[in-house]
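Chemist: In this text, residue positions in the sequence shown follow full-length UniProt numbering: the first is 1, and each later residue adds one.
Supplied in structure tokens, the structure appears directly below.
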Amino acid sequence: MVAPLIGGINAGNVDRLSLQAVTPQLFAAARGGGSLTLALRKQQQQSPTDPTDPVFTALLGGTSVLVDALHDALEARGVQILTGSEAVSCLQSDQGKILTELSTGTISSDEVLICTPAAKAAHLLRSISPNTARQLEQISYSSVALLTFVFNKESIPGELLASGFLIPRTAQLLMTAASVGSTKWAHWDDGKHVVLRVSAGHSGDLRGAELTDEELILGLQADLQTTLGITDPAVATRVSRWPDGFAQYEVGHLQLIESIEQSLNKDCPQILLAGSSYRGLGIPACIEQGRSAAAKLVDS
Numbered sequence: 001m002v003a004p005l006i007g008g009i010n011a012g013n014v015d016r017l018s019l020q021a022v023t024p025q026l027f028a029a030a031r032g033g034g035s036l037t038l039a040l041r042k043q044q045q046q047s048p049t050d051p052t053d054p055v056f057t058a059l060l061g062g063t064s065v066l067v068d069a070l071h072d073a074l075e076a077r078g079v080q081i082l083t084g085s086e087a088v089s090c091l092q093s094d095q096g097k098i099l100t101e102l103s104t105g106t107i108s109s110d111e112v113l114i115c116t117p118a119a120k121a122a123h124l125l126r127s128i129s130p131n132t133a134r135q136l137e138q139i140s141y142s143s144v145a146l147l148t149f150v151f152n153k154e155s156i157p158g159e160l161l162a163s164g165f166l167i168p169r170t171a172q173l174l175m176t177a178a179s180v181g182s183t184k185w186a187h188w189d190d191g192k193h194v195v196l197r198v199s200a201g202h203s204g205d206l207r208g209a210e211l212t213d214e215e216l217i218l219g220l221q222a223d224l225q226t227t228l229g230i231t232d233p234a235v236a237t238r239v240s241r242w243p244d245g246f247a248q249y250e251v252g253h254l255q256l257i258e259s260i261e262q263s264l265n266k267d268c269p270q271i272l273l274a275g276s277s278y279r280g281l282g283i284p285a286c287i288e289q290g291r292s293a294a295a296k297l298v299d300s
């Protein structure tokens, strides 16, 4: 159960992942001693979350709605957003300014917040903080492919009441998990079709990145036949790839992040880091990191 649940969600190897970094609630419960189940139940009872709230929530229109709203809000405040220009490196001028070299020119600024994946951050910081760059390169990634299948409702044997399921590595399937999108999200349910989102790829399994679209579709449809008994072809499919999409929070990850932050603060305190490589993969964690870093830059 641990590998599909913890490893599956993080596309990682549970023998290498840091419990403290990927599941801080479990880590806190385990440190208390005694029954882990009772400790988690106590955490749930003390949680301010309303038990009647829905388990899953989403933005109508998709995550792009959030991106568009942020874009509009920033522009309304006079923020200039530069797109189509790659950041190449960060340097420090004799006057103490940060010079960010772009593919289209150079920007001079008092402070910089880097929100890229760790590998890209390492590239940007190699000149200004070599030790920080070396440590950032220690953070590994796994690649995942997410396939969306649309089936006619009559093609599904029985009724899918669950929101999804996870696959243990011992099953030796290509798929790692599947969610029933038309059950989770009411706006996906047209009454005629079932929408399944199926994942492939994890740390140590590169098939999600290396197989062609056709190979992924055929392989995962075969897995859906094995797990759900679906034999009819899908009426529509979509392949979404996330190369190096999941940072691997391996044992010692939080200590590594602290060392990275100390190294960068020593070499160039005007630059901070935030994003899914560091202290949480999800959108809420990234928002919190961004707010915290922005507050530090404003107060400095």
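We put the beta carbon where it would ideally sit given N, CA and C, even for glycine.
1) Helix, strand or coil: how does DSSP classify P168 here?
2) According to DSSP, which residues form a beta bridge with D110?
3) Return the chain-ordered list of same chain residues with a C-beta closer than 8 Å to the C-beta of T23, the five sequence neighbours on each side being excluded.
4) Restricting to runs no shorter than 3 residues, where is the beta strand (DSSP E) found entirely within the segment 100-153?
5) Apply the 10 Å Cβ neighbour rule to N10 and answer buried if 16 or more other Cβ atoms are within range, or exposed otherwise.
6) Taking 9 Å as the threshold (C-beta atoms), are T100 and S93 in contact?
7) Check whether the Cβ atoms of L17 and L26 sit closer than 9 Å, and answer yes or no.
8) Using three-state DSSP, classify P157 as helix, strand or coil.
9) Give me whichever residues DSSP pairs with W242 in a beta bridge.
10) Considering I271, what are the terminal residues of the beta strand (DSSP E) in which it resides?
11) Do the segment 270-279 and the segment 32-45 touch if we need at least three Cβ pairs shorter than 8 Å?
12) My understanding is that G208 touches G219, with C-beta atoms under 8 Å, so please give their C-beta distance in whole angstroms.
13) Please list the segments of the alpha helix (DSSP H) lying wholly inside the segment 30-65, counting only runs of 4 or more residues, in order along the chain.
14) Around the C-beta of R197, are 16 or more other C-beta atoms found within 10 angstroms, so that it is buried, or is it exposed?
15) L216 and F149 - do their beta-carbons sit closer together than 9 Å?
16) In whole angstroms, what is the alpha-carbon distance linking S129 and K120?
17) Who are the Cβ neighbours of G229 in its own chain at under 7 Å, not counting the five residues just before and after it?
18) For the beta strand (DSSP E) that V298 lies in, which residues bound it at each end?
19) Using 10 angstroms around the beta-carbon of F56, count the other beta-carbons present and answer buried if the total reaches 16, otherwise exposed.
20) Would A58 and K184 be called neighbours here (beta carbons separated by less than 9 Å)?
21) Run through DSSP, which three-state label would L17 get?
Modeler: Result, derived from the coordinates:
1) coil
2) None, per the DSSP bridge assignment.
3) I6
4) 105-109, 112-114, 141-152
5) buried
6) no
7) no
8) coil
9) V144
10) 271-273
11) no
12) Between G219 and G208 the Cβ distance is about 10 Å, and since that is not below 8 Å, they are no contact.
13) 36-46
14) buried
15) no
16) 14 Å
17) P157
18) No beta strand (DSSP E) holds V298; the alpha helix (DSSP H) holding it covers 283-299.
19) exposed
20) yes
21) strand
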